[in-house]
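In my numbering, the protein residues as written are 2 to 137.
We put the beta carbon where it would ideally sit given N, CA and C, even for glycine.
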Amino acid sequence: MVKKTAVAFLIGISAAYGGITGEDAKKDPILQGKLLAKHCAWCHDIEKNLIAPPFRVIMERYRNVPDDTLRKQLFQSIKFGSKGKWEEWMKKNLKLKMGKLDTMYMPAQKPYYNDEEINKIINWLMTLKKEETVKQ
Ligand code: HEC
């Protein structure tokens, strides 16, 4: 009896460490946002420079913007796209070999995500802002 319980416990643990699953996300709304944001990873990593500013860098820039204002701005940028705000940063930090830098922009994500999903992603992004504030 005791043995069986121990085995079941171990299986439970290894599954939970195998990356975020749909099951984990159901229990944790913040993880849901992170899971949805995996599709943004074509262009944005959390930490690394890909072909767009990393999420950590974006949230660092807006660290002093009040949460309500920032949520509205992020919603606009994600739903309808963004252009020009990161042009200087991208010129300086990204070594793009494709296309012209000054035509780089973020396409509207409206066709891929509904408002509820966008808000879930924003809830997750806001946790990056908080982490950054604590570190400073
Ligand atoms: C095709 C590449 C691409 C994809 C896919 C993409 N982005 Fe972006 N994103 C960019 C670029 C490029 C910028 C910089 C735009 C600018 O200069 O204003 C940007 C900027 C942003 C910003 C900063 C906006 C601001 O107001 O400063 C946020 C937040 C953001 N993206 C979130 C997301 C999220 C969340 C997703 C997925 C739902 C996503 N992006 C998908 C390329 C992309």
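Taking only heavy atoms of the ligand HEC into account, decide whether any of them is closer than 6 Å to the Cβ of residue 33.
No.
Determine the burial state of residue 51: buried for a count of at least 16 other Cβ atoms within 10 Å of its Cβ, exposed for fewer.
exposed
If you draw a straight line from the alpha carbon of residue 44 to that of residue 53, how long is it in whole angstroms?
Cα to Cα, residue 44 sits roughly 5 Å from residue 53.
Report the rounded CA-to-CA distance for residue 35 versus residue 56, giving the unit in angstroms.
11 Å
Closer than 6 Å: is that where the CB of residue 59 sits relative to any heavy atom of the ligand HEC?
yes
Ordered along the chain, which non-local residues of its own chain (more than five positions away) have a Cβ less than 6 Å from that of residue 14?
The predicted position of residue 14 is uncertain, since its pLDDT is 37 and thus under 50; a value taken from the coordinates is nonetheless stated next. Excluding residues within five positions, none has a Cβ falling inside 6 Å.
Quick one, are the C-beta atoms of residue 80 and residue 31 less than 7 Å apart?
In this structure, residue 80 lies away from residue 31, with their beta-carbon atoms at least 7 Å apart.
Roughly how many whole angstroms lie between the Cα atoms of residue 22 and residue 59?
Residue 22 and residue 59 have their C-alpha atoms some 26 Å from each other.
Report yes if the C-beta of residue 125 is less than 6 Å from at least one heavy atom of the ligand HEC; otherwise report no.
no
Does any heavy atom of the ligand HEC sit closer than 6 Å to the C-beta of residue 42?
no
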